Structure formats: structure tokens, C-alpha cells
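Read through the structure below, which is laid out as C-alpha cells, and then see the notes.
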Amino acid sequence: MEAARTRSASNPNVEWLNSRGIWITYVLFILLEHFFFLSIPVLTVPQAWTLTFTFHNVFTFFLFHVMKGTPFDTFDQGKSRQLTHWEQIDSGEQFTRTRKFLIMVPIAMFMLTSFYTRYEVQHFLFNATTLCSVIIPKLPALHTVRIFGINKYNNLMD
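Okay, structure coming up:
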């Protein structure tokens, strides 16, 4: 039952996602980012929301879906070096609380961004595109799938 959590706890690369208070800290960083964009006088509120959403999605896309491996010594005999950060969360177990939270944050941000941009077509289409770019790679059907071989692990030792 708890075997997946026990194994992921040995991987410091994803252990922090299950630590206490990380969800609140994550939301606070998003708010801090948004307040930064709001403090720029030349930006309108819709532009600030779109920039907040876009920067969040670009950052999390690279953090969770581009970066692979772990900088720490793990006890998985090198299996984590072939996996993205997202694939290492909870040892690949789908629909855990952490994964659900990390999927719901961009969706909630998209809803807020759409509301504050007054559903303007340009903002809506751009934000929907960036939403898809972070939600689609998180789908269980794409677990360990490399589209067109992009981000495929190349073992130089073979």
C-alpha cells in the first residue's frame, strides 16, 4: 500500500514535494510572481495575469518535464537518471495527492487568468495553449513517453 511512498522518500529529487507546507509555499511563490508583474506600471491587469500564468507554465514545464535524472545519489540503481522529474514523483504512481495538486494549480490559474483577462480571445487562446503544454505531459498515458524522441535518454556508456 505505502510501498510507492517509501521508495520515493529515498529520492531527494522528489522528496520535497511531499514535505510539510510545500503546497502553501508553492502558491505563495505564484502570488509573489503575480505581485511582481502587477508592480510593473506599464502592464495592465490582463497582461500581468497572462505573464504570471505563462512564466509559471514555462518554469514548471522545464522543471517537471524537461529536466531528467537526479543530482543526488539514489538507491534505484540508476533508474531515475532516465526519468523526468514528473515521472519520479511518488515513484511513478498515478493520481496521488501531490500529482493531483500539481495538475490542479495550472487549471485553477487558467480559470483565474481567463476571468481577469475578461475572456479576450487573444489572451484566452494563448493561455489555453500554455495550459495544454503543461497538462498534456502530465497525463498517465504519456508516462515515460518521448514524443518524436525528444528528451530521450541517451546512454553514452553503451
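In this note's numbering, the protein residues as written are 18 to 175.
Where a beta carbon is used, it is the ideal one built from N, C-alpha and C, also for glycine.
Note that the structure is a prediction, hence the values are computed from the model and not measured.
Contact between the stretch 52–64 and the stretch 108–125 is not established, with fewer than three Cβ pairs separated by less than 8 Å. Residue nearest to residue 31 within the set 158, 87, 146, 51 is 87 (criterion: CA-CA distance). Annotation: residue 117 to residue 46 spans about 19 Å, alpha carbon to alpha carbon. The Cβ neighbour count for residue 52, taken over all protein chains shown within 10 Å, is under 16; the residue is labelled exposed.
Under the 10 Å beta carbon count, residue 145 is surrounded by fewer than 16 other beta carbons and is classified as exposed. Straight through space, the alpha carbons of residue 153 and residue 63 are spaced by roughly 25 Å. Residue 44 holds the alpha-carbon nearest to the alpha-carbon of residue 70 among 44, 82, 40. Within the DSSP secondary-structure output, residue 101 pairs in a beta bridge with 85. Straight-line measurement puts the Cα of residue 99 at about 10 Å from the Cα of residue 84.
Residue 129 is a Cβ neighbour of residue 66, given a cutoff of 8 Å. DSSP, read as helix, strand or coil, puts residue 135 in coil.
The C-beta separation of residue 101 from residue 81 comes to about 7 Å, placing the pair in contact by the 8 Å criterion. Assigned with DSSP and collapsed to three states, residue 47 falls in helix. When rounded, the separation of the alpha-carbon atoms in residue 150 and residue 36 is 27 Å. Taking 8 Å as the cut-off, the Cβ atoms of residue 34 and residue 147 do not count as close.
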